[in-house]
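Beneath this line is the structure, given in structure tokens, with notes to follow.
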Amino acid sequence: MSVPPGGSTTADNPPPPARGDWPEDRHAGAVTDVPLLSRTAHDRGHLARSLTDPAQGLPVRLLRVDERRAVPVHEGPGGPELVYEEQSTWPEGAIYLGEAEGVAYGALRVARSLSVAGRPVDSWAGLREVGGALGDLDAGLLVQAVGIIEWHERNRFSPITGAATTIERAGWVQRDPDSGREIFPRTDPAVIMLVHDGGDRCVLGRQAVWPPGRFSILAGFVEPGESAEAAVVREVAEEVGIAVTDVRYVSSQPWPFPQSLMLGFVARATSEELRVDHDEIEEARWFSREELRSGTGPHALPPTVSIARHVIDRWVAGEFS
């Protein structure tokens, strides 16, 4: 995947979690309707953000997020659940996430602790570790909380004057105190694409910072003045040296590492000789559906929480070609 200077690091690709899909999960083909983190079960309540009390008197559940973007987790009978701090009023400094079933939700950047408001915490985990196992409400709130906190911590000063910004609208606007300009959260569009041969083979590549044996589909950022489809064609040519056609949109997924929106595509290769640009990726190979289905191909595939895995699974199941 192409990244800008200072982008992806080993910290963005941590060692495999003890409980997750990586590297043990190398079999593809389990299809979901949409990528897991694209689901949401809460109303973001954008109008309430401008109120002094965005909770409007509702009970509040506050999600604590530490400096590593990990949150408190409890292992329930049905799987991991987020541990919220119950509040009767809206706490100062919290970021409003929205409302669900008569409860207002917020996020706050705090230090890690062994308990939350007297409730024990089984572990602190990040989106990669537990995102795929959470229910729709928890997953939607977590990806939103991580994304908005990332924005705040990376944009503490105005890009216009350099002045320290002030926070407004329950955490959804920063204001330049010198110019008065409002600064809103940003999202960087990125394309992620499965390239196939029109038959039973697809191209997977790997970055050098990934664990050994892990392969995924190709990806890269959309450049200024470029359509998403044009970015697919350009990135494939740059990374593996082949031309593609029949570029088709599949689905999208928020990916707050730090602030991307992943736009998923499939495309058909018009040639098969791979010419890898090693400044972009370390290795790329053709793999068959049977190799991905049986687990005899890559040692590790992307975790099920990712849109990369969603697209791979749907292709292995027989879609797109």
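So for the sequence shown, our numbering puts the first residue at 1248; every next one is plus one. The C-beta atom is built at its ideal place from N, Cα and C for all residues, glycine as well. As the structure is a computational prediction, the values presented were derived from the model and not from experiment.
| Query | Result |
| --- | --- |
| Neighbour-count burial assignment, Gln1391, 16 or more Cβ in a 10 Å radius | buried |
| CB contact flag (Ile1439, Ala1417, <7 Å) | no |
| Ala1546 versus Arg1296: straight-line alpha-carbon distance, rounded | Note that residue 1546 corresponds to His in the displayed sequence, not to Ala. When rounded, the distance between both Cα atoms is 46 Å. |
| Buried/exposed call for Arg1514, threshold 16 Cβ in 10 Å | Note that residue 1514 is Ala in the sequence shown here, rather than Arg. Its Cβ being crowded by 16 or more others within 10 Å, Ala1514 is buried. |
| Close Cβ partners of Val1494 (< 7 Å) along its chain, the five nearest in sequence each way excluded | Glu1476, Val1479, Val1480, Phe1512, Ala1514 |
| Proximal residues to Asp1369 (C-beta, below 7 Å), its chain only, five neighbours per side dropped | Val1320, His1321, Glu1322 |
| Contact check, Pro1327 vs Val1393, beta carbons under 7 Å | no |
| Limits of the beta strand (DSSP E) - the one that Trp1562 falls within | Where Trp1562 is concerned, there is no enclosing beta strand (DSSP E), although the alpha helix (DSSP H) it sits in stretches over 1554–1563. |
| For Glu1322, three-class secondary structure by DSSP | strand |
| Distance CB(Thr1408)-CB(Ser1426) smaller than 7 Å | yes |
| Arg1311 - containing alpha helix (DSSP H), residue span | Element bounds for Arg1311: not the alpha helix (DSSP H) but the beta strand (DSSP E), 1307–1312. |
| Proximity below 7 Å, CB of His1289 to CB of Gly1382 | no |
| Any non-hydrogen atom of the ligand SAM within 6 Å of Arg1433 CB | Ligands displayed in this structure: none; no statement on the ligand SAM is therefore possible. |
| Nearest to Gln1506 (by Cα), restricted to the options Glu1400, Glu1333, Gln1303, Pro1338 | Glu1400 |
| Three or more C-beta pairs below 8 Å linking the stretch 1520–1531 and the stretch 1554–1561 | no |
| 7 Å Cβ cutoff met for Arg1375 and Leu1548 | no |
| Option in Gln1334, Tyr1343, Met1509, Val1487 with minimal Cα separation from Glu1519 | Val1487 |
| Whole-angstrom distance between Ala1372 and Ala1275, CA atom to CA atom | 25 Å |
| Nearest to Ile1489 (by Cα), restricted to the options Asp1423, Val1442, Arg1356, Asp1280 | Val1442 |
| Residues sharing a beta bridge with Tyr1343, DSSP | Gly1353 |
| 7 Å Cβ shell around Leu1284 - same chain, five flanking residues per side excluded | Gly1378, Ala1386, Val1390, Gln1500, Pro1501, Val1552 |
| Residue closest to Arg1433, alpha-carbon to alpha-carbon, out of Arg1540, Leu1508, Leu1344 | Leu1508 |
| His1399: first and last residue of the uninterrupted beta strand (DSSP E) it sits in | That residue, His1399, is in no beta strand (DSSP E); its alpha helix (DSSP H) goes 1383–1401. |
| Distance CB(Ala1437)-CB(Phe1468) smaller than 7 Å | yes |
| Selected residue, minimal CA-CA separation from Pro1324, among Ala1380, Ala1351, Arg1356 | Ala1380 |
| Reference Pro1503, options Glu1537, Ile1395, Leu1521, Arg1286, closest by Cα | Ile1395 |
| Assumed close pair Val1491, Val1497 - CB separation to whole angstroms, cut-off 8 Å | The Cβ separation is near 14 Å, so there is no contact. |
| Nearest-angstrom Cα separation, counted from Arg1453 out to Ile1464 | 8 Å |
| C-alpha gap between Pro1301 and Glu1397, whole angstroms | 21 Å |
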